[in-house]
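In my numbering, the protein residues as written are 238 to 603.
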Ligand SMILES: Cc1ncc(COP(=O)(O)O)c(C=O)c1O
């Protein structure tokens, strides 16, 4: 019995090997690893892909968020409204700049920030929606709320490469948008890498500077920055993979459609993107009543599945000083108890997807 991993990076590399190996060999040939032409090239390619004008590459998707917040002037004493149904990094990056995450609940259809549940105080400075699973949060409602309360918007698009809201790329609608190129992402590097899109050139310039020791020129530092640059090997790999991203996204959508057809018919709740959102299905998530049993059955049958995420951030031990308590965010907490992620990478075959469905449907309870 062949195993079906949640993400099949080995299969992807086998298909891309000549292109990737050549791109890496070129970097090695140049012996230019930092601040070189591969990062410059990828920066313009990624901005062009998003139809965005300003942005900067950086070391990973976590610092992408903190760099965006810093550049927008958010820091100690400030509050940032966000979701607790996300990877820990979202809140970690808020805390990294000295600000406080304030969690709102989620819209259970799309598993993204329900801004109607947000608590705003005198200290609130920004909203940080997460386009979780590759599906857009309701940006119309979030942008209107931000305008009304005079707040910045930073979109965490770590899982939403080339996903859209009303025909525009997610990550380009707020004051800034951040991306992770962690290896398992839809567009993944061969190590850590990230990116920030900014609404204006000055913010993008500040982010680029902050990520490179606050440097204005080689020896002049006009900000106290960080060493959080993207490196040349990562940029070279990302440029190769970017050429395939649209085709991979179509493949993910194809799988999602087929999963939806079978699982919805069997009575399961799956991701329901907002009518204005075009999802890129970084993860395919379905809710079950018997998760442990389902995970064990999938694993026994050689199928990799995941849980994104079992512990909401307001209940994480590291954030206990925020006073979060069970019952605070009912939709978030129910989702956290019930979600399970099934394999959906572009390299999954149709037969494999059907085997995942058959195996899942044998055991899972809606
Ligand atoms: C929603 C979300 N935000 C932030 C991050 C952080 O990105 P990175 O792992 O590149 O630091 C990730 C991914 O890991 C993520 O999924």
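Yeah, the Cβ is synthetic: ideal placement off N, Cα and C, and Gly gets one too.
For residue 417, the closest alpha carbon among the candidates 326, 362 and 481 is that of 326. A direct Cα-Cα distance of roughly 50 Å separates residue 452 from residue 587.
As DSSP reads the structure, residue 578 sits in a beta bridge with 522 and 543. Residue 435 and residue 356 have their C-alpha atoms some 26 Å from each other.
The nearest non-hydrogen atom of ligand 1 is 7 Å or more from the C-beta of residue 461.
Between ligand 1 and residue 417, a heavy atom-to-CB distance of less than 7 Å is present. In the displayed model, residue 251 falls within a helix according to three-state DSSP. In this structure, residue 363 lies near residue 390, with their beta-carbon atoms less than 8 Å apart. Shown here, residue 592 sits in a helix according to DSSP, grouped into three states. For residue 431, the CB falls within less than 7 Å of some heavy atom of ligand 1. Contact annotation: residue 448 and residue 264 have beta-carbon atoms that are not nearer than 8 Å.
Each of 532, 492 and 493 was checked against the Cα of residue 600, and the nearest Cα belongs to 532. For residue 341, the uninterrupted beta strand (DSSP E) segment begins and ends at 337–341.
Between ligand 1 and the CB of residue 396, the shortest heavy atom gap is smaller than 7 Å.
In the structure shown, residue 478 adopts helical secondary structure according to DSSP, grouped into three states. Assignment of beta strand (DSSP E) within the stretch 381–451, counting only whole runs of 3 or more residues, yields 389–393, 413–417 and 431–435 in chain order.
Counting C-beta pairs with one atom in each stretch, the stretch 476–493 and the stretch 327–342 have fewer than three that are closer than 8 Å, which means they do not touch.
In terms of Cα proximity to residue 571, the closest of 560, 548 and 589 is 548.
Put simply, of 387, 343, 395 and 388 the residue whose alpha carbon is nearest the alpha carbon of residue 375 is 343.
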